[in-house]
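Contents: one structure, followed by commentary.
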Amino acid sequence: MSNDGFIFNVFGYEHPKDRVFAFLKYIPADYSSLFKVDFLHRTWSYESTRLFRAEKLYTARNYQDFLRVFGSHFPDYVYSCPFRSKEVISVPRQSIKRVYVPRDCLFSLAQLERKDDLQKDTLEFISLVSNEARIPMDDFGVHGSVALGMHSEESDIDIVVYGTANFRMLEQTIGKLVSAEKLRYQSNNSLDRVRHFKGRFKTRVFMYNAIRKMDEIRTEYGAFSYTAVTPVQFACKVADDSQSMFRPAIYGVGKVDEEAEATDLPKDMIPQIVVSMIGCYRNVARGGDRIRVSGMLERVEDVATGKSHHQVVVGSGVNEEERICPL
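In this note's numbering, each residue's number is its place in the sequence shown (first place is 1) plus 5.
Below, the structure is given as structure tokens:
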């Protein structure tokens, strides 16, 4: 949470020393009229502040509107990134009022003497999957409205697990619990059916996602520079899904289909990876699966060595049609 009352999701694992890349999630009522986005009818209350949330959290149009408002009224939240050659939303460290770490939020929740029904169900759900998957409770966390203490009776159980191996184990365990009819999956669209990240525990909707462990963060801000080249569309086979559960989600790709637009590029510009900044495209394909991709081709240069490769970004913030479609 910032000093101005905005609540952000921290984005990614590489940040400048004096600020944090983030995406705007909740907007104080006093500032909501500045934004030209569609808001959910539901509102939230944080302490004494009424909060609004965009109906669609990550779209190119919304992101550009957030940049517009911050640039005009809160310019400290706009950062001209020298390694991406564009303006991005970020929060200066001096403007951060409070930080909510999922693991710490779970610990605080467990320590509460008086818990409401949702808080009890959240702890019971984590205890169930922790025991069944043999994943330590210390490797779990909570986020969303429960973590901030501004949930309602209708709120979801929103949890995270730390680490690649833990996520895959949790994924398998939830599948077994569904087969045993202790849980059930819930799908609102085709991506939900592929991801299997959402379900029901008792009468509650639950969701689970992944956060990298510290030893899984292998790069730092400024190690690479990124230059947008051109929009591309293509189909390909996924060669590596080991980082597909995080945000951003990273897919190593195999051979690009010959009829795709990307094959019109010089050989050294054929993308090696697909990076999704959009959360709904996490874990939508496994190794060997085929996907259709629409995104922005970027040249990625190692600042220290000058070596380069190319990637495709889905969710560049400039095109509404960027997506990953499992085939």
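Virtual Cβ for every residue (Gly too), placed ideally from N, Cα, C.
The model shown is predicted, which means the values in this text are computed figures rather than measured ones.
- For Ile179, the uninterrupted alpha helix (DSSP H) run begins and ends at Thr169 to Ser184, by DSSP.
- Nearest Cα to Pro97 within the set Ala65, Asp35 and Phe13: Phe13.
- By the Cβ criterion, the stretch 274-283 is in contact with the stretch 299-314, since at least three pairs of Cβ atoms, one from each stretch, lie closer than 8 Å.
- Excluding its 5 nearest sequence neighbours in each direction, Val289 has C-beta neighbours in its own chain below 7 Å: Leu196, Val199, Arg200, Ile329 and Pro331, listed in chain order.
- Pairing Val151 with Ser230 gives a Cβ-Cβ distance that is not under 8 Å.
- The continuous alpha helix (DSSP H) containing Gln124 extends over residues Asp122 to Ala138.
- With contacts defined by Cβ atoms closer than 8 Å, Ile101 and Leu29 do not form a contacting pair.
- Counting other Cβ atoms within 10 Å of its Cβ, Ile222 stays below 16 and is therefore classed as exposed.
- The C-alpha of Asp161 lies about 16 Å from the C-alpha of Ser50.
- For the pair Arg58 and Ile32, the Cα-to-Cα distance works out to about 6 Å.
- With respect to the 8 Å criterion, Val280 and Val318 are classified as neighbours on the basis of their beta carbons.
- If you compare the alpha carbons of Phe71, Arg189 and Gly149 with that of Asp81, the shortest gap goes to Phe71.
- Here Leu182 is actually not in contact with Glu118; their C-beta atoms are around 30 Å apart, not less than 8 Å.
- Rounded to whole angstroms, the separation of the alpha carbons of Ala65 and Tyr226 is 23 Å.
- No residue range can be given for Asn288, since it is assigned to no alpha helix (DSSP H) and is classified by DSSP as neither H nor E.
- Among the bridge pairs identified by DSSP, Phe239 is matched with Val298.
- Under DSSP, Phe44 shares a beta bridge with Ala59.
- Around the beta carbon of Gln69, fewer than 16 other beta carbons sit within 10 angstroms, so the residue counts as exposed.
- C-alpha of Gln248 to C-alpha of Lys187: approximately 29 Å in a straight line.
- Taking 8 Å as the cut-off, the Cβ atoms of Gly180 and Ile164 do not count as close.
- Counting only the Cα atoms, Pro107 lies some 5 Å from His148.
- From the listed residues Glu327, Leu123, Val234 and Ser132, the smallest Cα separation to Glu159 is found for Leu123.
- The three-state reading of DSSP puts Tyr190 in strand, counting E and B together.
- Using a Cβ distance threshold of 8 Å, Gly284 and Asp245 do not count as a contacting pair.
- Secondary structure of Gln277 (DSSP, three-state): coil.
- By the neighbour-count criterion, in which a residue is buried when 16 or more other Cβ atoms sit within 10 angstroms of its Cβ, Asn8 is exposed.
- Of the candidates Arg24, Asp23, Glu52 and Glu19, the residue whose Cα lies closest to the Cα of Met155 is Glu52.
- Residues of the same chain with a CB within less than 7 Å of the CB of Tyr18, apart from the 5 flanking positions on each side, are Arg217 and Ile222 in chain order.
- Counting other Cβ atoms within 10 Å of its Cβ, Met6 reaches 16 or more and is therefore classed as buried.
- Out of Gln191, Leu128, Thr310 and Ser135, the CA that lies nearest to the CA of Arg173 is found in Ser135.
- If you look at Arg217, you'll find it isn't in any beta strand (DSSP E); DSSP assigns it neither H nor E.
- For Gln316, no alpha helix (DSSP H) segment is defined; the enclosing uninterrupted segment is the beta strand (DSSP E) at Ser313 to Val319.
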